[in-house]
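Just below is one structure, and these are the notes that go with it.
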Ligand SMILES: [Zn+2]
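Residue numbers (the working numbering): 10 to 184.
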């Protein structure tokens, strides 16, 4: 009890801390291949249980959080985080970082392009509202609208690449 009080003193809010599901986005059901979510429930006695649930409603496989997380951490420590792999891990970390940086640069560039095309459309619209409605303003507006749609399309593609990279299909588990 004294230890707990000491812990809370140094880490206020520890008791209320949000639960961290280490395998969120990285664990897939070994039975149906669906993504698994962190989930908590309270028993009749008031005890809180933490699990990973299969998102497939027809499957609903459930794994105890502490059990599966310990298994994965142990296996990672035993087979992956060993001196023989350090060079390879460092290389891959750098490669992932560079790739993410490129995607971020690309996203920033799309955002700038989008803002620029929107600004031009606003200007053409102002001209039209002021009564300047010629074949040139019409075709210019059509061209700009097309440009805008293309940028949005490319932004969406770029975002889905980021999502795929952030949620690699790392772990499938059957028990
Ligand atoms: Zn499942």
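Ideal placement from N, C-alpha and C gives every residue a C-beta, glycine not left out.
Nearest-angstrom beta carbon gap, residue j and residue i [assumed within contact, 8 Å]
i, j, result
"residue 126", "residue 162", "Not a contact, Cβ separation roughly 13 Å."
"residue 73", "residue 38", "No, residue 73 and residue 38 are not in contact; Cβ-Cβ is about 14 Å, not under 8 Å."
"residue 44", "residue 50", "Not confirmed; about 19 Å, so no contact."
"residue 68", "residue 102", "At roughly 34 Å, the Cβ-Cβ gap does not stay under 8 Å, so residue 68 and residue 102 are not in contact."
"residue 153", "residue 115", "Their Cβ separation, rounded to whole angstroms, is 21 Å, which puts residue 153 and residue 115 out of contact at 8 Å."
"residue 47", "residue 33", "5 Å"
"residue 119", "residue 167", "6 Å"
"residue 136", "residue 151", "Wrong, their Cβ atoms sit about 14 Å apart, outside the cutoff."
Contact test: residue i Cβ vs ligand 1 heavy atom, cutoff 7 Å
i, result
"residue 43", "yes"
"residue 46", "no"
"residue 32", "no"
"residue 40", "yes"
"residue 65", "yes"
"residue 101", "no"
"residue 70", "yes"
Residue i burial status per 10 Å Cβ neighbour count (16 or more: buried)
i, result
"residue 134", "exposed"
"residue 61", "buried"
"residue 10", "With a pLDDT of 44 at residue 10, under the threshold of 50, the modelled position of this residue cannot be trusted, and the question is left open."
"residue 90", "exposed"
"residue 184", "The predicted model places residue 184 with a pLDDT of 34, which falls under 50 and marks its position as unreliable, so this point remains unresolved."
"residue 31", "exposed"
"residue 77", "buried"
"residue 160", "buried"
"residue 63", "buried"
"residue 21", "Any answer about residue 21 is weak, because its pLDDT of 45 lies below 50 and its placement is not dependable; what the coordinates show is given next. Label assigned to residue 21: exposed."
"residue 98", "exposed"
"residue 105", "exposed"
"residue 36", "buried"
"residue 82", "exposed"
Residue(s) in a DSSP beta bridge with residue i
i, result
"residue 69", "Answer is none; residue 69 lacks a bridge partner."
"residue 164", "In the DSSP output, where bridge partners are listed per residue, residue 164 has none listed."
"residue 61", "47, 72"
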